[in-house]
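Going letter by letter, the sequence shown gives residues 5 to 696 in the working numbering. All C-beta atoms in this analysis are idealised placements derived from N, C-alpha and C, irrespective of residue type, glycine included.
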Amino acid sequence: MKRAICFVTCMLSITAAAPAKTVTTGSLVEEMVDMVNLTGFPNPYYKTVQYSSYDHRSRVPGTADWFANSDGFGGEPVGNFEKILTPPNEEGIGEYLICDQTGPGAIVRVWTAAINGTIRMILDDSAEPVYDGPAAEFFMHPYLRFCSAGGLDESLFDGTFQQRNACYFPIPFQERCRIIWKGNIQKIHFYQVQIRCYQPGTKVETFEPEDLKRYRKTFESAAHVLANLEGWACQSQLEPVALHKQIAARQTVELLALDGPLAIEQLTLNITAADTDAALRQTILRVRFDDHTWGQIQSPLGDFFGAAPGINPYESVPFSVKANGDMTCRFVMPFAKSCTIGAENRGDQSVAVSGSVLPMAYEWNPESSLHFQARWRVDHDLVADGRNVQDMPYLVAQGQGVYVGSTTMLLNPNPVPTPYGNWWGEGDEKIFVDDDTTPSTFGTGSEDYYNYAWSSPEIFIFPYCGQPRNDGPANRGFVTNNRWHILDALPFRNHLAFYMELYSHERTPGVSYARIGYHYARAGLRDDHVPITGEDVRHLQLPPNWQPAARMGAAGGTFYQAESILKSSPRESETIQGNLWAGGKLFVWQPKDREVLELRLDVPETRNYVIHIVAALTPKAGRFYATVGGKSIGLGDENSPINLNVPYRTLLRNFSSRKMELKQGGHILTIHNASPAAGAELGLDFIWVQKK
5 MKRAICFVTC MLSITAAAPA KTVTTGSLVE EMVDMVNLTG FPNPYYKTVQ YSSYDHRSRV
65 PGTADWFANS DGFGGEPVGN FEKILTPPNE EGIGEYLICD QTGPGAIVRV WTAAINGTIR
125 MILDDSAEPV YDGPAAEFFM HPYLRFCSAG GLDESLFDGT FQQRNACYFP IPFQERCRII
185 WKGNIQKIHF YQVQIRCYQP GTKVETFEPE DLKRYRKTFE SAAHVLANLE GWACQSQLEP
245 VALHKQIAAR QTVELLALDG PLAIEQLTLN ITAADTDAAL RQTILRVRFD DHTWGQIQSP
305 LGDFFGAAPG INPYESVPFS VKANGDMTCR FVMPFAKSCT IGAENRGDQS VAVSGSVLPM
365 AYEWNPESSL HFQARWRVDH DLVADGRNVQ DMPYLVAQGQ GVYVGSTTML LNPNPVPTPY
425 GNWWGEGDEK IFVDDDTTPS TFGTGSEDYY NYAWSSPEIF IFPYCGQPRN DGPANRGFVT
485 NNRWHILDAL PFRNHLAFYM ELYSHERTPG VSYARIGYHY ARAGLRDDHV PITGEDVRHL
545 QLPPNWQPAA RMGAAGGTFY QAESILKSSP RESETIQGNL WAGGKLFVWQ PKDREVLELR
605 LDVPETRNYV IHIVAALTPK AGRFYATVGG KSIGLGDENS PINLNVPYRT LLRNFSSRKM
665 ELKQGGHILT IHNASPAAGA ELGLDFIWVQ KK
């Protein structure tokens, strides 16, 4: 409640701007795929705020509760809502105010990991709620109950408006938005609601279920674009400009220069070198607009495109990375007079950079046009720790601009092979805008910010978010997350400070933490960027010869290297080397049709156990299922084997049996080849048996 009042007070001081368009459900949907719209300071102006289940004891930076982490599991020391409306009854059910946002606005994003109970959403003090139903549906699929009235198929929204655990279904309102949760506060209730709060006087057409019919073509058009990002249609009528440069070690070159006024609608780059992964980190991209003192873009070339280290193919609205190494940026980059694109080779090898720039006509408006900025930063050899949490700055800026995206690129060396143990992302995002003394966006976990939940190691790719790299097992190794603020952009008039807590499950030395805060800025913006050093861009490697640790989620585990427990060694097999694998080795088997591999497990006592097989997922991998003593153990079967084949990537993953009783002594674990074609491989790293 207090947050909304403070915001309105601030907005009353804003100088009247030029007449602005009316905000409608349709206009907001159009913004979801309009990249040019981000290049100008918004009119009407809005401030984006977030209501969430963060630990509400966290109010003042530097105080004892600043990193408090009771944020939705139930039984919090302080209720994580704005207000208690009805105390819990004998069944534990009460009513709680999630938000009461007054003035013109729009819900632009909702998210949950899990939540019980129901939601009532009332707009403009209507006598009837617009939504009255299950809370889980509201936070994941709020459009479901409106689709039939609009004549729209529910599947239109899957993977387009609904992305992983979040939904970008805009709900505008003219006067007020009130959201009430009814549920059991002792049970799980994670939530986030992001709202644009428009300046007073903004005309907004309040959402109605009939909007899906009224703006049906707009919904269908946006969904088509979001579902077919590889076919993104550029607006420019100009010809692309090719570029190609060979860059010697320690050399800096200019790749291209353009005269304005223009905008770069699309930038595509590709790098070739003897060691491509090293070149992607050690070749610095520098882009300077309008003779800025230093480059508005300063980043390792690979990191800039949001999927480093290495080439990790993905498609999003602003970025794409192809398997052939082509990397494309669709953030539109306007300039009034000049643009220079350069590259600096900080490595010891020669590299070649090629690609193209697609310029587009652009009328620079000195009152509203913004330059695109992306300045990379990294901290090596950090100690991540749940007892000594750190706020990692992404961008701290004085001036005017719009925050539009984040990428986190980690090296996580924690040896526990389970999410509960090697998870790095308990930390919340904290975003201060303008005169905030408490963050107007306060998150509930790093993965929640990136639109997923429960420290999932899955590779996932959506238009506004993704995890294009996560080596494993669980969240170990190199991990990359990204999120793009298109509909939920964060404008700021004079100040923005974006932090993410580094908060791990257990103490983890040797963490490398790189990140970029992408934003648009007016001339004169000052930020906390620091120069990129040679040490910053050293070629990172996974720690050699790591060994899994029997702690936390792996407590009670006994580990065996696969090759050490073979009953007999198959002829078509080999052991390969690499830092991804435990002990630096991976046993690779090239089985014949329906061939089996037997491994001997010795258990010290009769009790319940779970057997975990840690296997490699690769482009050459096949399928398998496992049995013990000829009996199924919940690790696939002949009709539904486990598929280890993935395109492009090399990953390490746990596959776990059901809980079963094993007698003291020896047991034969049989791996059955179920690959559909000859030539497939099965890579086994280690097997572990866990007491339950």
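Compare the beta carbon distance of residue i and residue j with 8 angstroms and say whether it is the shorter of the two.
{"i": "A153", "j": "P81", "result": "no"}
{"i": "T210", "j": "F177", "result": "yes"}
{"i": "V406", "j": "H523", "result": "yes"}
{"i": "A110", "j": "I184", "result": "no"}
{"i": "G429", "j": "E451", "result": "yes"}
{"i": "R200", "j": "T52", "result": "yes"}
{"i": "Y202", "j": "Y50", "result": "yes"}
{"i": "H616", "j": "N677", "result": "no"}
{"i": "P642", "j": "Y629", "result": "Checking the displayed sequence, the identity of residue 642 turns out to be Glu instead of Pro. In contact: E642 and Y629 (Cβ atoms closer than 8 angstroms)."}
{"i": "M144", "j": "Y135", "result": "no"}
{"i": "A682", "j": "L648", "result": "no"}
{"i": "I520", "j": "D383", "result": "no"}
{"i": "R604", "j": "K571", "result": "yes"}
{"i": "I569", "j": "I691", "result": "yes"}
{"i": "D281", "j": "P313", "result": "yes"}
{"i": "P472", "j": "A311", "result": "yes"}
{"i": "A347", "j": "R290", "result": "yes"}
{"i": "F466", "j": "Q54", "result": "no"}
{"i": "S3", "j": "V614", "result": "There is simply no residue 3 to check, as the chain begins at 5 and stops at 696 in what is shown."}
{"i": "P495", "j": "E367", "result": "no"}
{"i": "T43", "j": "V336", "result": "yes"}
Name the DSSP bridge partner or partners of residue i?
{"i": "N474", "result": "V483"}
{"i": "L386", "result": "V515"}
{"i": "W692", "result": "F563, H616"}
{"i": "H543", "result": "DSSP lists no partner for H543."}
{"i": "P213", "result": "Answer is none; P213 lacks a bridge partner."}
{"i": "C151", "result": "Answer by DSSP bridge pairing: none, since C151 is not bridged."}
{"i": "A625", "result": "E685"}
{"i": "Q250", "result": "A356"}
{"i": "H676", "result": "V600, Y629"}
Quick one: what's got a C-beta closer than 6 angstroms to residue i's C-beta in the same chain, skipping five residues either side?
{"i": "T13", "result": "Residue placement at T13 cannot be trusted, given a pLDDT of 38 that sits under 50; the coordinates are not used to answer."}
{"i": "K589", "result": "T579"}
{"i": "A327", "result": "P317, Y652"}
{"i": "E665", "result": "N612"}
{"i": "V393", "result": "F71, E505, Y507"}
{"i": "S17", "result": "Caution is warranted here: a pLDDT of 35 is assigned to S17, below 50, making its placement in the model unreliable, and no coordinate value can be reported."}
Using a 10 Å radius around the Cβ and a threshold of 16 neighbouring Cβ atoms, would you call residue i buried or exposed?
{"i": "N190", "result": "In the sequence as displayed, the identity of residue 190 is Gln instead of Asn. Per the 10 Å Cβ criterion, exposed."}
{"i": "L655", "result": "buried"}
{"i": "E86", "result": "buried"}
{"i": "S698", "result": "Here the chain comprises residues numbered 5 to 696, so residue 698 is not present and cannot be evaluated."}
{"i": "M15", "result": "Unreliable positioning characterises M15 in this predicted model, as indicated by a pLDDT of 40, which lies under 50. The coordinate reading is nonetheless provided below. Buried."}
{"i": "H193", "result": "buried"}
{"i": "W298", "result": "exposed"}
{"i": "V208", "result": "buried"}
{"i": "R381", "result": "buried"}
{"i": "V387", "result": "exposed"}
{"i": "L242", "result": "exposed"}
{"i": "A365", "result": "exposed"}
{"i": "S573", "result": "exposed"}
Residues in the same chain with beta-carbon distance under 7 angstroms from residue i, minus the five sequence neighbours each way, listed in chain order, please.
{"i": "C238", "result": "E269, Q270, L362"}
{"i": "V245", "result": "L260, S360, V361, P363"}
{"i": "N549", "result": "G587, G588"}
{"i": "D38", "result": "none"}
{"i": "D540", "result": "V382"}
If contacts are defined as beta-carbon pairs under 8 angstroms, then residue i and residue j qualify, I think. What distance do you get, rounded to the angstrom?
{"i": "L500", "j": "F436", "result": "7 angstroms"}
{"i": "E234", "j": "L160", "result": "E234 to L160, Cβ: 19 angstroms. No contact."}
{"i": "I536", "j": "I288", "result": "6 angstroms"}
{"i": "W416", "j": "T512", "result": "A small correction: the amino acid at residue 416 is Asn; Trp does not occupy that position in the sequence shown. The pair is a contact, with the Cβ atoms about 7 angstroms apart (cut-off 8 angstroms)."}
{"i": "L688", "j": "A566", "result": "4 angstroms"}
{"i": "G538", "j": "D385", "result": "So it is not a contact: roughly 15 angstroms between Cβ atoms."}
{"i": "D531", "j": "A401", "result": "4 angstroms"}
{"i": "G76", "j": "S62", "result": "G76 to S62, Cβ: 13 angstroms. No contact."}
Residues in its own chain within less than 8 angstroms of residue i by CB, not counting five upstream and five downstream?
{"i": "A356", "result": "H248, K249, Q250, I251, I275, T276, A277"}
{"i": "E34", "result": "T222, A226"}
{"i": "P146", "result": "V114, Y135, C171, F173, I175"}
{"i": "S31", "result": "K25"}
{"i": "E95", "result": "N188"}
{"i": "L284", "result": "I275, P304, L305, G306, D307, A312, P313, G314, I315"}
Between residue i and chain C, is there a C-beta pair that is closer than 8 angstroms?
{"i": "G538", "result": "In summary, chain C is missing from the structure at hand, where a single protein chain is found."}
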